Amino acid sequence: MANEISELRNVHVDRYLTPLREGGSLPAIVEANDGFLYVLKFRGAGQGPKALIAEVIGGELARYLGLKIPEIVFAHLDEAFGRTEPDEEIQDLLKASVGLNLGMHYLSGSITFDPLVTRLESRLASKILWLDSLLTNVDRTARNTNMLMWHKELWLIDHGASLYFHHSWDNWKEQAKRPFPQVKDHVLLWQANDLAEIDEEFKSLITSDIIKKITALIPDEWLLVDAPFTTAEEHRNAYAEFLETRLSVSDLFVKGASDARKALI
Numbered sequence: 002m003a004n005e006i007s008e009l010r011n012v013h014v015d016r017y018l019t020p021l022r023e024g025g026s027l028p029a030i031v032e033a034n035d036g037f038l039y040v041l042k043f044r045g046a047g048q049g050p051k052a053l054i055a056e057v058i059g060g061e062l063a064r065y066l067g068l069k070i071p072e073i074v075f076a077h078l079d080e081a082f083g084r085t086e087p088d089e090e091i092q093d094l095l096k097a098s099v100g101l102n103l104g105m106h107y108l109s110g111s112i113t114f115d116p117l118v119t120r121l122e123s124r125l126a127s128k129i130l131w132l133d134s135l136l137t138n139v140d141r142t143a144r145n146t147n148m149l150m151w152h153k154e155l156w157l158i159d160h161g162a163s164l165y166f167h168h169s170w171d172n173w174k175e176q177a178k179r180p181f182p183q184v185k186d187h188v189l190l191w192q193a194n195d196l197a198e199i200d201e202e203f204k205s206l207i208t209s210d211i212i213k214k215i216t217a218l219i220p221d222e223w224l225l226v227d228a229p230f231t232t233a234e235e236h237r238n239a240y241a242e243f244l245e246t247r248l249s250v251s252d253l254f255v256k257g258a259s260d261a262r263k264a265l266i
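Just so we're aligned: 76 in this note's numbering is position 75 of the sequence shown, and the numbers increase by one with no gaps anywhere.
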């Protein structure tokens with residue numbers, strides 16, 4: 002059952018609590034003015050707004066398809082925030098991230114998914130692997146699963162490494178038509194035995210209208226940073242075209258995943 006595409010809430014960051022130093026972009030746990038805790042992804046981090054765009058597209062597409070994703074919000078950082086932060090690296094990051102950032106609801110008490118401890122049923126594993134192949138998400142490996150167990154359910158986090166073509170936009174139309182060779186390193190490859198069935202199911206759900214609704218969530222100010230496009234709308238349309246093209250050749254990445262799985266098993 003697919004979910005509705007909803008507007009993302011806006012919150013204002015009130016308190017910086019602690020950095021998450023295991024993340025390369027130095028995200029942090031913060032408290033917002035709605036009283037909730039969030040993992041904050043900073044626009045001033047190494048990959049800039051592009052990682053946040055990938056988070057929105059990947060996270061909200063996963064949610065639409067029925068996978069569990071912590072709530073994503075737009076998190077506003079005030080200019081005066083962090084002036085008293087003693088760590089120079091963090092203070093520089095906060096200064097570079099004034100304005101609109103991305104927050105993900107903090108799943109307190111969650112634990113990192115361990116494939117040696119928890120085996121997923123094949124349909125769920127196939128759904129996740131199919132989505133990561135669509136999005137070219139290179140960051141769902143045994144070393145870094147980017148999945149959490151929370152209240153005995155699997156939750157997906159961190160899609161910032163998806164859509165890696167957009168860091169240069171070189172030959173992006175051709176890249177949309179290519180297989181996903183990095184699937185051989187996917188942590189769920191060996192459990193995903195229902196890819197063909199999931200391919201048919203998800204292709205019927207992800208319409209052009211759904212893609213446009215998801216890309217419409219991306220703020221203009223993120224799209225206008227280091228972009229080869231004249232307008233934010235042109236930039237959005239390029240993301241939509243990439244996803245629609247990729248859907249049209251899903252048999253390529255499904256076959257690639259199936260072949261990689263056979264080689265693994």
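Cβ coordinates follow ideal geometry from the N, Cα and C atoms, glycine included. In this text the structure is predicted, and so the values were computed from the model without any measurement.
Own chain, CB closer than 6 Å to residue i, minus 5 neighbours either side, in chain order
i: Gly1; result: One cannot answer for residue 1 here, as it falls past the ends of the chain, which runs 2 to 266.
i: Arg10; result: Val74
i: Pro220; result: Leu101
i: Gly47; result: Ser26
i: Leu159; result: Here residue 159 is Asp; the residue named in the question, Leu, does not match the sequence. Taken in chain order, the residues that qualify are Asn147.
According to DSSP, residues forming a beta bridge with residue i
i: Thr113; result: Leu149
i: Trp131; result: Partner(s): none; Trp131 has no beta bridge.
i: Arg16; result: Glu32
i: Phe254; result: Answer is none; Phe254 lacks a bridge partner.
i: Val74; result: Gly104
i: Asn11; result: Phe75
i: Thr142; result: His187
Beta-carbon spacing of residue i, residue j below 8 Å
i: Ile91; j: Pro28; result: no
i: Ala3; j: Leu206; result: yes
i: Phe43; j: Ser98; result: yes
i: Thr267; j: Val118; result: Since the first residue of the chain shown is 2 and the last is 266, residue 267 is not available in this structure.
i: Val40; j: Met105; result: yes
i: Asn194; j: Ser249; result: no
Residues of its chain near residue i, where Cβ-Cβ distance is below 8 Å and the 5 sequence neighbours each way are ignored
i: Leu253; result: Lys178, Arg179, Pro180
i: Gly257; result: Ser134, Pro180, Phe181, Pro182, Val184
i: Phe230; result: Leu224, His236, Ala239
Inter-residue Cα distance where the pair is residue i and residue j
i: Ile266; j: Trp191; result: 7 Å
i: Met150; j: Leu196; result: 23 Å
i: Gln183; j: Thr85; result: 42 Å
i: His152; j: Phe82; result: 33 Å
i: Glu201; j: Leu108; result: 32 Å
i: Ala264; j: Val255; result: 14 Å
i: Leu155; j: Asp88; result: 34 Å
i: Val31; j: Thr142; result: 27 Å
Beta carbon proximity, residue i to chain C, threshold 8 Å
i: Glu198; result: No chain C is present in this structure, which holds just one protein chain.
Nonlocal neighbours in the same chain, by C-beta distance under 7 Å from residue i, ignoring five residues either side
i: Val226; result: Gly49, Pro50
(request) Scan the segment 34-63 and note each continuous beta strand (DSSP E) run of 3 residues or more that stays entirely inside, going in chain order. (result) Counting only runs of 3 or more, we get 38-42.
(request) Report the residue ranges of all alpha helix (DSSP H) runs contained in full by the segment 150-189; include only those spanning at least 4 residues, in chain order. (result) Secondary structure remark: continuous alpha helix (DSSP H) runs of at least 4 residues inside the segment 150-189, in chain order: 173-176.
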